[in-house]
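Counted the way mature numbering (1 follows the signal peptide of the UniProt record, and there is no 0) counts, the sequence shown spans residues -19 to -1, 1 to 375.
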Amino acid sequence: MKKLIAVVVCVLMLATVFAGCASAPAESSAPAESSAPAESSAAASASSEASNTAQAGKKLTIGYYKDGPDDYYKAGSDVFIALANEVGWEVIDKTGQGTAPEQIAAVEDFITTGVDAIVVVQNSPEATSECIDKANAAGIPYFAATHMPTVKSGQELAGFVGYDFVEAGVMGGKDALEKGVKKVIMIEGKLGQGTASAQTEGFIKAYVDAGKDVGDLWVDGAPNIDGKGGADLELVAKASGEWFADPAKKAMQDAITSLGKDGFDGAYVQNDEMMDGAIQAIKEAGLNPADYWLGSSNGKEKSWKWVEDGEMTMDVNQTPTLEADILFQMIQQYFDGTLKKPYVNSVLKPFNKETMTDMTLIPYALDTYMADRDKYTISIDDASVVEVEGLDGK
């Protein structure tokens, strides 16, 4: 009997010990302090704190979809995956061929897999609206990158990181206006995503804001991107280069053939890959790129060389590497419960030959960015990362 009592006592003591262990806090993903400093000078500290937060938190599985094999999209996903790997997240990376059904199918696949969050570089706002509905029904947070979606009333978009493409266009337009450019070839990106038309709008807006005559390019206080123009700005040719070099080269060749070498003052070519094709077309036509105003937006490393050598007039450093870094910070904060800015635009840096020497331009190359991330990153909580309105589904 005494032996039986002793056994019972031992069992009770062990149960007490295990109960004490089990009562330890189960949630370790949210530290006592996780908000990053507001000043950009503290970006390195913010980066370190954010990484520590994720190390202590849940190991997430992220479904990441890109609309096409665009190198801008890839540069962003490469940085996101590198940062995710540092904190033990798994990223399921998918790339489509530029169709809405592929985007929808990828999101459905992510939902079936049971990912913790979904990131999409969209094909179109319409496809994204359907995808948001599916993610909301499954209870999975949906984050949009690069292209701003349209969020209907009642829909819940967990987050968005992109750039103000209208402002990027304004920066190009201001530079062209300062250089006296009036006859412009406009080579746009992929139509329907919203970003290409936004850049065109911004370019025209720069002239309108300066009180210039743009004719039918601005009607009743709004852009008319199908117009021809006025005395101070005329779009002498306009075509889509789909964000790629070859179709942009063809568009530039057609414009030069139609207009002749004196039929245009410059060209606004909306990304650097298309600018590559446009410069090839100009050279192959026996013309000198330096004789024309050539502006773009992307600010890749190769464009630094073009601007420095005078082959290109200006560019806007608008990098997917920084965009993806801010997206990574956003998802960390979302799951830590500390996210204050769910919808933001990253930082644009216009540059030309005169200004670029005094700037810290952010690289596209993964290894370069990651090797010196503290130099390039900006905290999502920094004032330069501007909040975007109208995406909360209200």
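No residue lacks a Cβ here, since even glycine has one placed at the ideal position from N, Cα and C.
Throw me the rounded Cβ distance for the residue i and residue j pair, which I believe falls under 8 Å.
i    : j    : result
A305 : G57  : 4 Å
I43  : V68  : The Cβ separation is near 11 Å, so there is no contact.
V102 : Y54  : 5 Å
E111 : I85  : 6 Å
V162 : G247 : 4 Å
F124 : I312 : 7 Å
A157 : Y249 : 7 Å
Where do the N-terminal and C-terminal ends of the beta strand (DSSP E) with residue i fall, by residue?
i    : result
P331 : K330 to N333
K219 : E215 to S221
F141 : G140 to G143
N326 : Y324 to N326
L275 : W274 to G276
T127 : Y123 to T127
M167 : K164 to E169
I263 : Segment D253 to E265 is the alpha helix (DSSP H) holding I263; no beta strand (DSSP E) there.
T42  : T42 to K47
Work out the CA separation of residue j and residue i for me, nearest whole Å.
i    : j    : result
K231 : G258 : 8 Å
E148 : P270 : 25 Å
G267 : D74  : 43 Å
P50  : A236 : 27 Å
V369 : L138 : 12 Å
A262 : G291 : 16 Å
I361 : L64  : 15 Å
L347 : P301 : 10 Å
E215 : L329 : 26 Å
I307 : G374 : 22 Å
D272 : Y45  : 43 Å
G154 : Y345 : 24 Å
N333 : K160 : 12 Å
G202 : G208 : 14 Å
I62  : V200 : 44 Å
V366 : V325 : 6 Å
K40  : Y350 : 24 Å
L372 : I99  : 17 Å
T109 : E282 : 31 Å
D339 : T127 : 27 Å
W287 : Q251 : 15 Å
Count the other CB atoms within 10 Å of the CB of residue i; is the residue buried (16 or more) or exposed (fewer)?
i           : result
N298        : buried
M295        : buried
S133        : For the record, residue 133 in the displayed sequence is Lys; it is not Ser. So K133 ends up on the exposed side.
P331        : buried
A212        : exposed
D317        : buried
A17         : Any answer about A17 is weak, because its pLDDT of 36 lies below 50 and its placement is not dependable; what the coordinates show is given next. The residue is buried, with at least 16 neighbouring Cβ atoms inside 10 Å.
residue 379 : This structure does not reach residue 379, given that the chain is present from -19 up to 375, and the question cannot be answered.
A13         : Any answer about A13 is weak, because its pLDDT of 31 lies below 50 and its placement is not dependable; what the coordinates show is given next. Exposed is the call here.
M255        : buried
M167        : buried
D48         : buried
S105        : buried
D253        : buried
E182        : buried
L337        : Going by the sequence as given, residue 337 is Met instead of Leu. M337 comes out buried.
G192        : exposed
G140        : buried
N66         : exposed
M129        : buried
E169        : buried
Q310        : buried
In terms of residues, what are the limits of the alpha helix (DSSP H) holding residue i?
i    : result
E292 : Counting along the chain, E292 falls outside any alpha helix (DSSP H), and DSSP gives it neither H nor E.
L347 : L347 to A352
N66  : D52 to E67
K155 : F146 to E159
T302 : P301 to D317
Examine chain D for any beta-carbon lying closer than 7 Å to the beta-carbon of residue i, and answer yes or no.
i    : result
K330 : Looking at the structure shown, chain D is missing, and only one protein chain is on hand.
Quick one: any contact between the stretch 89 to 100 and the stretch 116 to 126, if contact means 3 or more CB pairs under 8 Å? yes
Decide yes or no for the touch test of the stretch 189 to 196 against the stretch 266 to 286: beta carbon pairs closer than 8 Å, at least 3 of them. No: fewer than three Cβ pairs fall under 8 Å.
Cβ contact (3+ pairs, closer than 8 Å) linking the stretch 170 to 181 and the stretch 356 to 363: no
I want to know whether the stretch 212 to 228 touches the stretch 135 to 152 - three or more CB-CB distances under 8 Å. no
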